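If you read the sequence shown in UniProt numbering, its first letter stands for residue 1, the second for the next number, and so on.
Note that CB positions come from ideal geometry on N, CA and C, so glycine has one too.
On a predicted model such as this, the values are computed, not experimentally measured, just so you know.
Structure first, then comments.
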Amino acid sequence: MMHYRLNKPILAAEKSIILGIDPGSCITGYGLIQIESSQLTYLDSGCIKVANSPFAERLEKIFTGLQQVVNQYQPSEVAIEQVFFHINPNAALKLGQARGAALVAVACAKLLVSEYSARQVKKSVVGYGAANKQQVQHMVRVLLNLSSTPTADAADALAIAVCHAQVRQSGGIRLGFRRGRRR
(Lines of atoms letter the chains of each structure in order from A and count residues from 1; the text may use other names and numbers.)
(Lines give C-alpha, C1' and ligand atoms only; values in the text may rest on other atoms or scores of the structure.)
Protein backbone atom coordinates (compact mmCIF):
# COMPACT_ATOMS: atom_id res chain seq x y z
CA MET A 1 0.00 0.00 0.00
CA MET A 2 1.33 3.42 -0.93
CA HIS A 3 0.06 6.85 0.09
CA TYR A 4 0.85 10.28 -1.24
CA ARG A 5 0.15 13.19 1.08
CA LEU A 6 -0.53 16.44 -0.71
CA ASN A 7 -2.42 18.37 1.96
CA LYS A 8 -3.10 18.47 5.72
CA PRO A 9 -3.49 15.25 7.73
CA ILE A 10 -6.99 13.84 8.19
CA LEU A 11 -7.92 13.02 11.78
CA ALA A 12 -9.83 9.79 12.44
CA ALA A 13 -12.65 11.61 14.25
CA GLU A 14 -13.32 14.00 11.35
CA LYS A 15 -16.13 13.50 8.87
CA SER A 16 -14.49 12.58 5.58
CA ILE A 17 -15.60 11.91 2.04
CA ILE A 18 -13.62 9.19 0.28
CA LEU A 19 -13.53 8.88 -3.50
CA GLY A 20 -12.75 5.38 -4.76
CA ILE A 21 -11.52 5.01 -8.34
CA ASP A 22 -11.40 1.85 -10.45
CA PRO A 23 -9.42 3.03 -13.50
CA GLY A 24 -9.97 1.54 -16.93
CA SER A 25 -9.19 2.51 -20.51
CA CYS A 26 -12.82 1.92 -21.58
CA ILE A 27 -14.76 2.36 -18.32
CA THR A 28 -13.53 4.12 -15.18
CA GLY A 29 -15.68 3.53 -12.13
CA TYR A 30 -15.98 5.97 -9.25
CA GLY A 31 -17.65 5.69 -5.87
CA LEU A 32 -18.09 8.15 -3.03
CA ILE A 33 -18.70 7.31 0.60
CA GLN A 34 -18.76 9.41 3.72
CA ILE A 35 -17.18 8.18 6.93
CA GLU A 36 -18.03 9.67 10.30
CA SER A 37 -17.46 7.95 13.65
CA SER A 38 -16.89 4.59 11.91
CA GLN A 39 -20.24 4.89 10.07
CA LEU A 40 -20.08 4.48 6.29
CA THR A 41 -22.67 6.27 4.17
CA TYR A 42 -23.11 5.89 0.42
CA LEU A 43 -23.08 9.19 -1.48
CA ASP A 44 -22.82 8.41 -5.19
CA SER A 45 -21.24 6.13 -7.76
CA GLY A 46 -21.03 5.84 -11.50
CA CYS A 47 -18.92 5.19 -14.53
CA ILE A 48 -17.07 7.33 -17.02
CA LYS A 49 -17.56 5.44 -20.29
CA VAL A 50 -15.11 6.28 -23.04
CA ALA A 51 -14.87 3.09 -25.14
CA ASN A 52 -15.65 4.49 -28.60
CA SER A 53 -13.34 7.52 -28.49
CA PRO A 54 -9.78 7.88 -29.78
CA PHE A 55 -7.38 7.05 -26.96
CA ALA A 56 -6.18 10.61 -26.26
CA GLU A 57 -9.83 11.72 -25.96
CA ARG A 58 -10.50 8.84 -23.56
CA LEU A 59 -7.78 10.12 -21.25
CA GLU A 60 -9.15 13.66 -21.43
CA LYS A 61 -12.69 12.41 -20.64
CA ILE A 62 -11.41 10.44 -17.64
CA PHE A 63 -9.52 13.50 -16.43
CA THR A 64 -12.42 15.95 -16.84
CA GLY A 65 -15.02 13.47 -15.59
CA LEU A 66 -13.13 12.90 -12.35
CA GLN A 67 -12.45 16.61 -11.96
CA GLN A 68 -16.22 17.19 -12.12
CA VAL A 69 -16.80 14.54 -9.44
CA VAL A 70 -14.10 16.09 -7.23
CA ASN A 71 -15.54 19.59 -7.70
CA GLN A 72 -19.08 18.43 -6.92
CA TYR A 73 -18.36 16.31 -3.82
CA GLN A 74 -15.12 17.83 -2.48
CA PRO A 75 -13.65 14.53 -1.20
CA SER A 76 -10.93 14.72 1.43
CA GLU A 77 -9.21 11.49 0.36
CA VAL A 78 -8.91 9.31 -2.72
CA ALA A 79 -8.28 5.57 -3.00
CA ILE A 80 -7.31 4.02 -6.33
CA GLU A 81 -6.55 0.51 -7.50
CA GLN A 82 -2.90 -0.26 -8.18
CA VAL A 83 -1.78 -1.42 -11.60
CA PHE A 84 -1.64 -5.19 -11.81
CA PHE A 85 0.55 -7.36 -14.00
CA HIS A 86 -1.18 -8.06 -17.28
CA ILE A 87 -0.24 -10.67 -19.89
CA ASN A 88 -0.89 -8.17 -22.71
CA PRO A 89 1.67 -5.36 -22.33
CA ASN A 90 -0.36 -3.01 -24.56
CA ALA A 91 -3.42 -3.40 -22.31
CA ALA A 92 -1.29 -2.80 -19.22
CA LEU A 93 0.16 0.34 -20.79
CA LYS A 94 -3.30 1.70 -21.64
CA LEU A 95 -4.54 0.92 -18.14
CA GLY A 96 -1.53 2.73 -16.69
CA GLN A 97 -2.25 5.77 -18.84
CA ALA A 98 -5.92 5.82 -17.77
CA ARG A 99 -4.79 5.53 -14.17
CA GLY A 100 -2.38 8.42 -14.75
CA ALA A 101 -5.21 10.62 -16.06
CA ALA A 102 -7.20 9.80 -12.90
CA LEU A 103 -4.23 10.55 -10.63
CA VAL A 104 -3.57 13.91 -12.29
CA ALA A 105 -7.26 14.84 -11.93
CA VAL A 106 -7.18 14.30 -8.16
CA ALA A 107 -3.64 15.67 -7.76
CA CYS A 108 -4.89 18.99 -9.16
CA ALA A 109 -7.17 19.17 -6.10
CA LYS A 110 -4.22 18.36 -3.78
CA LEU A 111 -5.93 15.29 -2.31
CA LEU A 112 -4.43 12.45 -0.29
CA VAL A 113 -4.14 9.45 -2.63
CA SER A 114 -3.86 5.88 -1.36
CA GLU A 115 -3.33 2.83 -3.55
CA TYR A 116 -4.53 -0.72 -2.95
CA SER A 117 -4.12 -3.93 -4.92
CA ALA A 118 -7.23 -5.71 -6.17
CA ARG A 119 -6.44 -8.56 -3.76
CA GLN A 120 -6.27 -6.16 -0.78
CA VAL A 121 -9.61 -4.62 -1.72
CA LYS A 122 -11.33 -7.99 -2.14
CA LYS A 123 -9.92 -9.30 1.13
CA SER A 124 -11.04 -6.16 2.95
CA VAL A 125 -14.57 -6.12 1.54
CA VAL A 126 -15.39 -9.80 0.94
CA GLY A 127 -12.89 -11.49 3.26
CA TYR A 128 -11.33 -13.43 0.39
CA GLY A 129 -8.62 -12.00 -1.86
CA ALA A 130 -9.68 -14.00 -4.93
CA ALA A 131 -13.38 -13.06 -4.75
CA ASN A 132 -15.26 -12.66 -8.02
CA LYS A 133 -17.08 -9.55 -9.30
CA GLN A 134 -20.49 -10.75 -8.12
CA GLN A 135 -19.23 -11.33 -4.57
CA VAL A 136 -17.74 -7.82 -4.49
CA GLN A 137 -20.98 -6.32 -5.82
CA HIS A 138 -23.03 -8.19 -3.22
CA MET A 139 -20.85 -7.17 -0.28
CA VAL A 140 -20.75 -3.52 -1.39
CA ARG A 141 -24.55 -3.58 -1.53
CA VAL A 142 -24.72 -5.09 1.97
CA LEU A 143 -22.01 -2.92 3.58
CA LEU A 144 -23.45 0.33 2.22
CA ASN A 145 -27.11 -0.72 2.64
CA LEU A 146 -27.91 -0.06 -1.02
CA SER A 147 -31.36 -0.77 -2.45
CA SER A 148 -29.92 -2.11 -5.71
CA THR A 149 -26.68 -3.69 -6.84
CA PRO A 150 -24.26 -1.23 -8.47
CA THR A 151 -22.62 -2.01 -11.81
CA ALA A 152 -19.37 -3.97 -11.62
CA ASP A 153 -17.11 -0.94 -12.21
CA ALA A 154 -19.00 1.29 -9.76
CA ALA A 155 -19.02 -1.54 -7.19
CA ASP A 156 -15.26 -1.97 -7.58
CA ALA A 157 -14.75 1.76 -7.00
CA LEU A 158 -17.00 1.69 -3.93
CA ALA A 159 -15.12 -1.38 -2.66
CA ILE A 160 -11.83 0.53 -3.01
CA ALA A 161 -13.31 3.40 -0.98
CA VAL A 162 -14.62 0.98 1.69
CA CYS A 163 -11.21 -0.72 1.86
CA HIS A 164 -9.56 2.65 2.44
CA ALA A 165 -12.10 3.53 5.13
CA GLN A 166 -11.34 0.25 6.91
CA VAL A 167 -7.58 0.86 6.69
CA ARG A 168 -8.08 4.37 8.10
CA GLN A 169 -10.27 3.12 10.94
CA SER A 170 -7.76 0.45 11.90
CA GLY A 171 -5.00 3.05 12.08
CA GLY A 172 -3.21 1.38 9.17
CA ILE A 173 -2.62 4.55 7.19
CA ARG A 174 1.09 5.02 6.55
CA LEU A 175 3.06 7.20 4.23
CA GLY A 176 5.57 5.85 1.74
CA PHE A 177 6.45 2.31 0.81
CA ARG A 178 6.05 -0.69 3.06
CA ARG A 179 9.29 -2.60 3.48
CA GLY A 180 9.75 -6.30 3.93
CA ARG A 181 7.97 -9.32 2.59
CA ARG A 182 4.39 -9.17 1.39
CA ARG A 183 1.94 -11.24 3.35
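For residue 78, the enclosing beta strand (DSSP E) begins and ends at 77-81. Following the DSSP letters along the chain, one finds residue 94 inside the alpha helix (DSSP H) bounded by residues 89-107. When the five nearest sequence neighbours on each side are left out, the beta carbons in the same chain lying within less than 6 Å of the beta carbon of residue 150 are those of 45, in order along the chain. Under the three-state reduction of DSSP output, residue 60 falls in the helix class. Sorting 79, 170 and 148 by C-alpha distance to the C-alpha of residue 159 places 79 at the top.
Residues 97, 98 and 101 of the same chain have their beta carbon placed closer than 7 Å to that of residue 59, with the five preceding and five following residues left out of the count.
Here the alpha carbon of residue 170 sits roughly 28 Å from the alpha carbon of residue 108. When secondary structure is reduced to three states using DSSP, residue 65 falls in the helix class. Residue 139 places its beta carbon 8 Å or farther from that of residue 121.
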